[in-house]
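K.L.:
Here it is: the structure, laid out below.
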Amino acid sequence: MTYTTNEMMTVAAARRLKNGSVCFVGIGLPSKAANLARLTSSPDVVLIYESGPIGAKPSVLPLSIGDGELAETADTVVPTGEIFRYWLQGGRIDVGFLGAAQVDRFGNINTTVVGDYFSPKVRLPGAGGAPEIAGSAKSVLIILKQSARSFVDKLDFITSVGHGEGGDSRKRLGLPGAGPVGIITDLCIMEPQAPSHEFVVTALHPGVTREQVIAATGWAVRFADQVAVSDAPSEIELNALRDLEIRTAAAHGQTPGEA
């Protein structure tokens, strides 16, 4: 089956979620990938959203954390304060799944502004629960489309800390957990390299060249000694993803793929 680069990105991200793991999910691309994982390789993954649903099993992708589909399909719903204090800060979240407008070589995220904070070119949706997720989850996955505008040498604003300035920066900041362990894009997969914790390319998606990744990265990106090639999406994965997008579009009055 033929597939798009966006579908490759979503499938590659979904594969990173282990079955049975507890995942704190962000809206948008993280939610799409997490729910695809639930529908394919990880049926027992526990999806948590910051509005309070635990074990959400939406049939369509939510428009926001307040979408009733999340609460209606969840195993239970608890107060937002409990989600953060008991589940997240209590060390019960295996994976935080986040999107970003900008990311740097150490997995720090900007979702606040592009340009000067007081006179920005673009004011973004803001932090939400992302700083707490990035700070307290046992590990973090980041998903976004790759371009030199989004993969930048220096963030315009640090909304959520990944590995800080690199090295043992995260440890010195007193942040628990491993921090970001993977950045999944429409071109490749990046992982932090010890001891610097700089993200390097560990896998290219089928048909993608190193030159494409270099051109789409705002820093002098490096490649692992052994760079793998991602497995192409299977028919099962693509059918599940496309069916999810069709259901979502019908529910929300969108074109499939917009959610």
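So for the sequence shown, my numbering puts the first residue at 34; every next one is plus one.
Even for Gly, the Cβ is constructed at its ideal location relative to N, Cα and C.
Could you pull the start and end residues of the alpha helix (DSSP H) that K65 belongs to?
P.N.:
Sequence index remark: in the sequence shown, residue 65 carries index 32 (1-based). K65 -> alpha helix (DSSP H) spans L62 to L72.
K.L.:
Select from V241, L174 and V246 the residue whose C-alpha is nearest the C-alpha of C56.
P.N.:
Along the sequence shown, one-based indexing puts residue 56 at 23. Closest by alpha carbon: L174.
K.L.:
State buried or exposed for N52, treating a residue as buried only when at least 16 other CB atoms are found within 10 Å of its CB.
P.N.:
As a position in the sequence shown, residue 52 is number 19, starting the count at 1. Under this definition N52 is an exposed residue.
K.L.:
Rounded to a whole number of angstroms, what is the C-alpha to C-alpha distance between T106 and V44?
P.N.:
Here residue 106 refers to the residue found at position 73 of the sequence shown. Here residue 44 refers to the residue found at position 11 of the sequence shown. For T106 and V44, the distance between alpha carbons rounds to 23 Å.
K.L.:
So does the segment 83 to 95 actually touch the segment 104 to 123, counting three or more Cβ pairs closer than 8 Å?
P.N.:
Touching, yes.
K.L.:
Need the endpoints of the alpha helix (DSSP H) that V246 sits in, please.
P.N.:
Here residue 246 refers to the residue found at position 213 of the sequence shown. Counting along the chain, the alpha helix (DSSP H) containing V246 begins and ends at R243 to A248.
K.L.:
According to DSSP, S172 sits in a beta bridge with which residue or residues?
P.N.:
The sequence position of residue 172 within the sequence shown is 139, counting from 1. Partner(s): V128.
K.L.:
Reducing DSSP to helix, strand and coil, say where K154 ends up.
P.N.:
Here residue 154 is taken as the residue at index 121 of the sequence shown, counted from 1. Here K154 sits in strand by DSSP.
K.L.:
How should P112 be labelled, buried or exposed, when 16 other C-beta atoms within 10 angstroms of its C-beta is the threshold for buried?
P.N.:
In the sequence shown, counting from the first residue as 1, residue 112 sits at position 79. Counting Cβ neighbours within 10 Å, P112 comes out exposed, since fewer than 16 surround it.
K.L.:
Quick check on DSSP: helix, strand or coil for A25?
P.N.:
In the structure as shown, the chain starts at 34 and stops at 292, and residue 25 therefore has no counterpart that could be examined.
K.L.:
Would you say the beta carbon of I166 is closer than 7 Å to some non-hydrogen atom of the ligand ATP?
P.N.:
With respect to small molecules bound, the structure shown includes none, and the ligand ATP cannot be examined in it.
K.L.:
Run through DSSP, which three-state label would T235 get?
P.N.:
On the sequence shown, position 202 is the one that residue 235 refers to. Strand at T235.
K.L.:
Any contact between the segment 91 to 104 and the segment 115 to 130? By contact I mean 3 or more CB pairs, one from each, below 8 Å.
P.N.:
Result no; under three Cβ-Cβ pairs closer than 8 Å.
K.L.:
Leaving out five residues before and five after A227 in sequence, what residues of the same chain have Cβ atoms less than 6 Å from its Cβ?
P.N.:
For this step, residue 227 is matched to residue 194 along the sequence shown. Excluding positions up to five away in sequence, the list is empty.
K.L.:
Answer yes if the segment 174 to 186 comes into contact with the segment 133 to 142, meaning at least three C-beta pairs across the two stretches below 8 Å, and no otherwise.
P.N.:
Counting Cβ pairs under 8 Å, three or more are found: they touch.
K.L.:
Closest to N141 by C-alpha separation, out of I166, G195, D100 and R125, would be which residue?
P.N.:
Stepping through the sequence shown from its first residue, residue 141 is reached at position 108. Out of I166, G195, D100 and R125, G195 has the C-alpha closest to the C-alpha of N141.
K.L.:
In its own chain, which residues sit with a C-beta less than 7 Å from the C-beta of A236, not counting the 5 before and 5 after it?
P.N.:
By 1-based counting over the sequence shown, the position of residue 236 is 203. Within the same chain, A236 has close Cβ partners C221, I222, V260, A261, V262 and S263.
K.L.:
Specify whether the segment 243 to 255 and the segment 208 to 221 touch according to this definition: at least 3 beta carbon pairs, one from each stretch, less than 8 Å apart.
P.N.:
Touching, per the Cβ criterion.
K.L.:
Quick check on DSSP: helix, strand or coil for V44?
P.N.:
The residue given as residue 44 occupies position 11 in the sequence shown. Helix.
K.L.:
I need the boundaries of the alpha helix (DSSP H) containing E224, first residue and last residue.
P.N.:
Translated into positions along the sequence shown, residue 224 becomes position 191. Per DSSP, E224 belongs to no alpha helix (DSSP H); it is in the beta strand (DSSP E), C221 to Q226.
K.L.:
For S267 and A160, what's the separation of their Cα atoms in angstroms?
P.N.:
Locating residue 267 in the sequence shown gives position 234, counting from the first residue. Locating residue 160 in the sequence shown gives position 127, counting from the first residue. Between S267 and A160, the C-alpha separation is close to 35 Å.
K.L.:
I'd like to confirm the pairing. Which residues does DSSP put opposite Q135 in its beta bridges?
P.N.:
As a first step, residue 135 must be located in the sequence shown, where it is residue number 102. The partner list for Q135 (beta bridge, DSSP) reads N143.
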